[in-house]
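> The structure's right below; bear with me while I get my questions together.
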Amino acid sequence: MQKLIPLFCVNWIIFFFQFESFGIGPVTVVRFLIFPFLLLYVFSVRRMNIYKSFSLLFCLFFCVFEVVSGVFNAEIHFCIQGIINFLTIVVFVDFLTKNKGLSYTNLLLFASYDLSSILFYLITFSGVNLANRFQGIYWDPNVMCVYIFISFCAKMVLFSQEKRNMLKLILGLFFLLDIIVIFSSLSRAGILGLGVTVLLVFFMYSKWLFSFLVGILSVVLGYMYHIAFSLTWSLSLTPLEALTYRLFVSSTVELEEGGVGSRSDRLERLFESLEKGEVSLFGNGTNYLPDGEFMHNGIAEFILAAGIILGTTFIGVFIYLICVNIIWPILKGKRNLFLLFVLSFFIVTVFYSYLSFKSFWVFISFLLFLNIERVKVNNVNFVNM
Numbered sequence: 601m602q603k604l605i606p607l608f609c610v611n612w613i614i615f616f617f618q619f620e621s622f623g624i625g626p627v628t629v630v631r632f633l634i635f636p637f638l639l640l641y642v643f644s645v646r647r648m649n650i651y652k653s654f655s656l657l658f659c660l661f662f663c664v665f666e667v668v669s670g671v672f673n674a675e676i677h678f679c680i681q682g683i684i685n686f687l688t689i690v691v692f693v694d695f696l697t698k699n700k701g702l703s704y705t706n707l708l709l710f711a712s713y714d715l716s717s718i719l720f721y722l723i724t725f726s727g728v729n730l731a732n733r734f735q736g737i738y739w740d741p742n743v744m745c746v747y748i749f750i751s752f753c754a755k756m757v758l759f760s761q762e763k764r765n766m767l768k769l770i771l772g773l774f775f776l777l778d779i780i781v782i783f784s785s786l787s788r789a790g791i792l793g794l795g796v797t798v799l800l801v802f803f804m805y806s807k808w809l810f811s812f813l814v815g816i817l818s819v820v821l822g823y824m825y826h827i828a829f830s831l832t833w834s835l836s837l838t839p840l841e842a843l844t845y846r847l848f849v850s851s852t853v854e855l856e857e858g859g860v861g862s863r864s865d866r867l868e869r870l871f872e873s874l875e876k877g878e879v880s881l882f883g884n885g886t887n888y889l890p891d892g893e894f895m896h897n898g899i900a901e902f903i904l905a906a907g908i909i910l911g912t913t914f915i916g917v918f919i920y921l922i923c924v925n926i927i928w929p930i931l932k933g934k935r936n937l938f939l940l941f942v943l944s945f946f947i948v949t950v951f952y953s954y955l956s957f958k959s960f961w962v963f964i965s966f967l968l969f970l971n972i973e974r975v976k977v978n979n980v981n982f983v984n985m
């Protein structure tokens, strides 16, 4: 029973994270369901392993600072968020190190993240156009793509482990549906994430196919870039033209012309806020700009949340963890799809938000787990709680 309760808690936490922000007012799933399961895990485990790792301890300190920043700025919900983030890291690092990673059941639960969106797509979707970007059960196409990508990459790991041809066929069908849903969202972050992930898979397993795919992709993108000059916003665009408009025309307009609410406009306002001293040394206790606008940039949120010094330091630790534990192993030829499972989340969310997703800390925990496993040969010590 003592071992079953932690497994029970983690499985339900993983399942509910796909609905983390749903709820009524402040009573979201992450607070009403995930938070209690995190507490139950902590109280059901006799000893929690906290490794003497700078990266782990710093990430925990960052979460504590979130709480402090929330108190300092009278943002109570940010205090709660910091506590949940701290518990998420503690629970998942403990679980992953004790179980040597994710189990088959854990992966199945992550793989189920696309089911609600696929079902919604099959029942309701009526075609792709610039005014009808598919977003599933979520409030934004980019948000949907975050969960679709978690599912997509979890299925890649399952596919590589599966021996039964029938289940491989079923997984292949869901791969196709995921790709259709991502393209129907016209999400640039989602499409970028899909392209990078697929290219990295081929890079790991077949350099020839990787080169061939890069060649085809170059031709397709070249054609899309060519026709982009003649496109204007219209509901009558074909799916390919709508995708071309989103990838090239919209991006160019945002970069060159900006406009209120665009990503470039929000970055400019962030720099203005920093110059005016509107971002506190202790952070603003939120991941929104001082004027209340959503930042729409994952990396910049750390500076808003915890201030310039701690925020930029966290960005450095974050990039270090990704490079050392994911990028370098892939470049060295390590064929481990778990690395893509972790990396894909960050690729998509960097263009939307990290701190809006509490599941961000699950993937930070996996980065920390990979880092702990990598340096164990150097006799990393740990303490028990």
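If you use the working numbering, the sequence shown corresponds to residues 601 to 985, in order. Cβ coordinates follow ideal geometry from the N, Cα and C atoms, glycine included. Since we're looking at a predicted model, the values are computed, not measured.
(1) Is the beta carbon of residue 902 less than 9 Å from the beta carbon of residue 918?
(2) For residue 866, count neighbouring C-beta atoms within 10 Å of its own C-beta (all shown protein chains included) and say buried if the count is 16 or more, exposed if not.
(3) Which one of 717, 704, 765 has the shortest CA to CA distance from residue 757?
(4) Going by the CB atoms, is the gap between residue 782 and residue 748 shorter than 9 Å?
(5) Can residue 837 and residue 730 be called in contact, C-beta distance under 9 Å?
(6) Excluding sequence positions up to five away, which residues of its chain have a Cβ less than 7 Å from the Cβ of residue 955?
(7) According to DSSP, which residues form a beta bridge with residue 627?
(8) In or out: residue 835 buried (at least 16 other Cβ within 10 Å) or exposed?
(9) Can you name, in chain order, every residue of its own chain whose Cβ lies under 7 Å from the Cβ of residue 618, other than the five neighbours on each side?
(10) Let me check understanding here. Comparing Cα to Cα, which of 960, 789, 969, 975 lies closest to residue 620?
(11) Measuring only the C-alpha atoms, how far is residue 912 from residue 812?
(12) With a threshold of 16 other CB atoms inside 10 Å of the CB of residue 675, please say whether the residue is buried or exposed.
(13) To the nearest whole angstrom, what separates the beta carbons of residue 742 and residue 957, a pair I think is in contact under 8 Å?
(14) With a 10 Å radius around its C-beta and 16 neighbouring C-beta atoms as the bar for buried, classify residue 755 as buried or exposed.
(15) Can you tell me whether residue 985 is buried or exposed? The criterion is at least 16 other CB atoms within 10 Å of its CB, across all chains shown.
(16) In whole angstroms, what is the alpha-carbon distance linking residue 643 and residue 609?
(17) Would you mind reading off the limits of the alpha helix (DSSP H) that contains residue 826?
(18) Please identify the residue among 846, 819, 796 whose C-alpha is closest to the C-alpha of residue 785.
(19) For residue 962, I'd like the list of residues in its chain whose CB is within less than 7 Å of its CB, leaving aside the five on either flank, ordered along the chain.
(20) Looking at the unbroken alpha helix (DSSP H) that takes in residue 698, where does it start and where does it end?
(21) Between residue 973 and the rest of its own chain, which residues show a CB-CB distance below 6 Å, the 5 nearest in sequence each way excluded?
(22) Quick check on residue 805: buried or exposed, where buried means 16 or more other Cβ atoms within 10 Å of its Cβ?
(23) Where does residue 898 land, buried or exposed, given buried means 16+ other C-beta within 10 angstroms?
(24) Taking 9 Å as the CB-CB limit, is residue 934 close to chain C?
(25) Alpha carbon to alpha carbon, how far is residue 628 from residue 622?
(26) Can you check the stretch 943-983 for any alpha helix (DSSP H) of at least 4 residues that lies completely inside it and give the ranges in chain order?
(27) In whole angstroms, what separates the C-alpha of residue 763 from that of residue 723?
(28) Which residues in the same chain have their Cβ closer than 7 Å to the Cβ of residue 849, if we skip the five residues on either side of it in sequence?
(29) Taking just the CA atoms, how far does residue 718 sit from residue 777?
(30) By the three-class DSSP mapping on this structure, what secondary structure does residue 610 have?
A quick look at the data gives this:
(1) Position 302 of the sequence shown holds residue 902. Position 318 of the sequence shown holds residue 918. The answer is yes: Cβ separation under 9 Å.
(2) As a working mapping, residue 866 is identified with position 266 in the sequence shown. With 16 or more other Cβ atoms within 10 Å, it is buried.
(3) Here the question's residue 757 lines up with position 157 in the sequence shown. That would be 704, whose Cα lies nearest to the Cα of residue 757.
(4) Position 148 of the sequence shown, counted from the start, is the residue given in the question as residue 748. Position 182 of the sequence shown, counted from the start, is the residue given in the question as residue 782. Yes. Within cutoff.
(5) What you label residue 837 is simply residue 237 of the sequence shown in a count that begins at 1. What you label residue 730 is simply residue 130 of the sequence shown in a count that begins at 1. Yes, Cβ-Cβ distance for residue 837 and residue 730 is below 9 Å.
(6) In the sequence shown, counting from the first residue as 1, residue 955 sits at position 355. Excluding residues within five positions, the ones whose Cβ falls inside 7 Å are 887, 901, 905.
(7) Within the sequence shown, residue 627 is the residue found at index 27, counting from 1. Note: residue 627 sits in a beta bridge opposite 624.
(8) Here residue 835 refers to the residue found at position 235 when the sequence shown is read from its first residue. It counts as exposed.
(9) Residue mapping note: residue 618 aligns to position 18 of the sequence shown, counting from 1. For residue 618, where only same-chain residues beyond five positions count, the Cβ hits under 7 Å are 713, 747.
(10) Position 20 of the sequence shown holds residue 620. Ranking the options by Cα distance to residue 620, first place goes to 960.
(11) As a first step, residue 912 is located in the sequence shown; it is residue number 312 there, counting from the start. As a first step, residue 812 is located in the sequence shown; it is residue number 212 there, counting from the start. Rounded to the nearest angstrom, the two C-alpha atoms are 39 Å apart.
(12) Within the sequence shown, numbered from 1, the residue matching residue 675 stands at position 75. Result: buried.
(13) Counted from its first residue, the sequence shown places residue 742 at position 142. Counted from its first residue, the sequence shown places residue 957 at position 357. At roughly 11 Å, the Cβ-Cβ gap does not stay under 8 Å, so residue 742 and residue 957 are not in contact.
(14) For the purposes of this step, residue 755 is identified with residue 155 of the sequence shown, where counting begins at 1. Buried, because 16 or more other Cβ atoms sit within 10 Å of the Cβ of residue 755.
(15) Translated into the one-based positions of the sequence shown, residue 985 becomes position 385. Note that residue 985 has pLDDT 36, beneath the 50 cutoff, so the model's placement of it is unreliable and the number below is only indicative. Burial call: exposed.
(16) For the purposes of this step, residue 643 is taken as residue 43 along the sequence shown, with counting starting at 1. For the purposes of this step, residue 609 is taken as residue 9 along the sequence shown, with counting starting at 1. Going from the Cα of residue 643 to the Cα of residue 609 covers about 11 Å.
(17) Position 226 of the sequence shown, counted from the first residue, corresponds to residue 826. 807-828 is the extent of the alpha helix (DSSP H) around residue 826.
(18) Counting from one through the sequence shown, the residue named residue 785 turns up at place 185. Nearest of 846, 819, 796 to residue 785, Cα basis: 846.
(19) Position 362 of the sequence shown, counting from 1, holds the residue named residue 962. 617, 688, 692, listed in sequence order.
(20) To locate residue 698, count along the sequence shown from 1; it is residue 98. First-last of the alpha helix (DSSP H) with residue 698: 676-699.
(21) Residue 973 sits at position 373 when you count from the first residue of the sequence shown. Taken in chain order, the list of residues that qualify is empty.
(22) Position 205 of the sequence shown, counted from the first residue, corresponds to residue 805. Looking at its Cβ environment, which holds fewer than 16 other Cβ atoms inside 10 Å, residue 805 is exposed.
(23) The residue given as residue 898 occupies position 298 in the sequence shown. Label assigned to residue 898: buried.
(24) Chain labels in this structure do not include chain C; a single protein chain is all it has.
(25) Here residue 628 is taken as the residue at index 28 of the sequence shown, counted from 1. Here residue 622 is taken as the residue at index 22 of the sequence shown, counted from 1. In a straight line, the C-alpha of residue 628 is about 5 Å away from that of residue 622.
(26) 960-975
(27) Stepping through the sequence shown from its first residue, residue 763 is reached at position 163. Stepping through the sequence shown from its first residue, residue 723 is reached at position 123. C-alpha separation (whole angstroms): 32 Å.
(28) The count along the sequence shown starts at 1 and reaches residue 849 at position 249. Result list for residue 849: 828, 831, in chain order.
(29) The residue given as residue 777 occupies position 177 in the sequence shown. The residue given as residue 718 occupies position 118 in the sequence shown. Taking the straight line from one Cα to the other gives about 7 Å.
(30) Within the sequence shown, the letter at position 10 stands for residue 610. Helix, per DSSP.
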